[in-house]
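First up is the structure itself, then whatever we jot down about it.
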Amino acid sequence: MELRPSNLAERKKFYEQEFSIKKIISWFKEKPQFFVVDLGSETHIIKDKKKMKKLLILKPNISFKELKKKLIELAPEDVYYDRNKYKDANLALKNMNFKNALSTKNCLGQELVFDIDPENINCPNHKKSLHKFCPYCIKMSLNYGIKMKNSLQKYFKNIKIIYSGRGCHVHVRDKKAFKLTMRQRNSLNKNLKKFPIDPWVSHGHIRLIRLPYSLNSLVSRIVMPLNDIEIKNFDPENEKKIMPKFLRN
Ligand SMILES: [Zn+2]
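Residue numbers (this note's numbering): 1 to 249.
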């Protein structure tokens, strides 16, 4: 099944029928304070064209139930959460200095995540570009994810790989990783520079990451935690686990 953008009706249907609060609760140890959506900047499939190229920050500290309601209403292209934990989420919203928030007093820490995307991989099928990807380099991203996880095991214990739609995210869930300073994150990036990562994410400037179990509407696939065996057998186009119902029916 082809990787293609989802339309508004498909997005809405996904959030109505498939988006599982139960799965999200089981993933998060602590509910994120901020959820952020992009309504359609990349695909230009959007309800209100005026909202293009803007991220919409949802009201801080909403429940997962409220989140689901919002996602059905908005039918967004992309759904993210903020990996930062703030002493005062409202103050963070007022300051709007999210890029450097991690080094401010209002920030208690940030979930460490490494972002591996095809745009940083040499794929034999196409040039390196933000909008170019194919099943081959998606699979390559995931294989890099496993190698990266093995390297990170020198430092950390609780590491999970999430298929993101075009590549993968390596989430480090140890408490000590959450507490790292930006300088320490930067030196970790340097130690791991053989991997095709976007250093801005793991350094801490980019605080957003795709929400597990949300729909990546660029490719019509579900953002999904995968174990090593699932990754080894992974077929980006035909894997049922990541395929929304609207493609399976
Ligand atoms: Zn490719």
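The C-beta atom is built at its ideal place from N, Cα and C for all residues, glycine as well.
{"Item": "Is DSSP giving Gln184 helix, strand or coil here?", "Value": "helix"}
{"Item": "Since Leu215 contacts Pro5 with CB under 8 Å, what's their CB separation in whole angstroms?", "Value": "Their Cβ separation, rounded to whole angstroms, is 11 Å, which puts Leu215 and Pro5 out of contact at 8 Å."}
{"Item": "Look at the Cβ atom of Leu71, then the Cβ atom of Tyr15, and state whether they are nearer than 8 Å.", "Value": "yes"}
{"Item": "Which two residues bound the contiguous alpha helix (DSSP H) that contains Leu142?", "Value": "Pro135 to Leu152"}
{"Item": "What span of residues does the beta strand (DSSP E) with Gln110 cover, start to end?", "Value": "Cys107 to Gln110"}
{"Item": "Quick one: using the 10 Å Cβ neighbour count with 16 as the cut-off for buried, is Pro124 buried or exposed?", "Value": "exposed"}
{"Item": "What does Ile197 pair with, by DSSP beta-bridge criteria?", "Value": "Ile116"}
{"Item": "Any idea what DSSP makes of Phe28, helix, strand or coil?", "Value": "coil"}
{"Item": "Am I right that Leu211 and Val113 are in contact with their C-beta atoms under 8 Å? What's the rounded C-beta distance?", "Value": "At roughly 12 Å, the Cβ-Cβ gap does not stay under 8 Å, so Leu211 and Val113 are not in contact."}
{"Item": "When DSSP labels each residue in this structure, what does His169 get in the three-state scheme?", "Value": "strand"}
{"Item": "Using the beta-carbon count (16 or more within 10 Å), is Lys149 buried or exposed?", "Value": "buried"}
{"Item": "Which of the three DSSP states is assigned to Asn84 in this structure?", "Value": "strand"}
{"Item": "Just to confirm the assignment, what range does the alpha helix (DSSP H) spanning Ile229 have?", "Value": "Asp228 to Lys232"}
{"Item": "Which residue comes first and which comes last in the alpha helix (DSSP H) that contains Phe14?", "Value": "Leu8 to Gln17"}
{"Item": "From what residue to what residue does the beta strand (DSSP E) around Leu56 run?", "Value": "Leu55 to Ile57"}
{"Item": "Is the beta carbon of Asp117 closer than 8 Å to that of Val151?", "Value": "Per the sequence shown, residue 151 should be read as Ser rather than Val. Cβ distance not < 8 Å, so Ser151 and Asp117 don't count as in contact."}
{"Item": "What residues in its chain sit with their C-beta under 8 Å from that of Phe234, if we drop five residues either side in the sequence?", "Value": "Lys139, Leu142, Tyr163 and Leu226"}
{"Item": "Between the C-alpha atoms of Asn106 and Ala89, what's the straight-line distance to the nearest angstrom?", "Value": "8 Å"}
{"Item": "Where does Lys160 fall in DSSP's three states?", "Value": "strand"}
{"Item": "Between which two residues does the beta strand (DSSP E) containing Arg4 stretch?", "Value": "Per DSSP, Arg4 belongs to no beta strand (DSSP E) and is neither H nor E."}
{"Item": "For Asn216, which three-state DSSP category applies?", "Value": "strand"}
{"Item": "Identify every residue that forms a DSSP beta bridge with Val79.", "Value": "Val37"}
{"Item": "Assign Leu93 to one of three DSSP states: helix, strand, or coil.", "Value": "helix"}
{"Item": "Ligand 1 and Tyr136: does any heavy atom of the ligand fall closer than 7 Å to the residue's C-beta?", "Value": "yes"}
{"Item": "DSSP on Ile242, reduced to helix/strand/coil?", "Value": "helix"}
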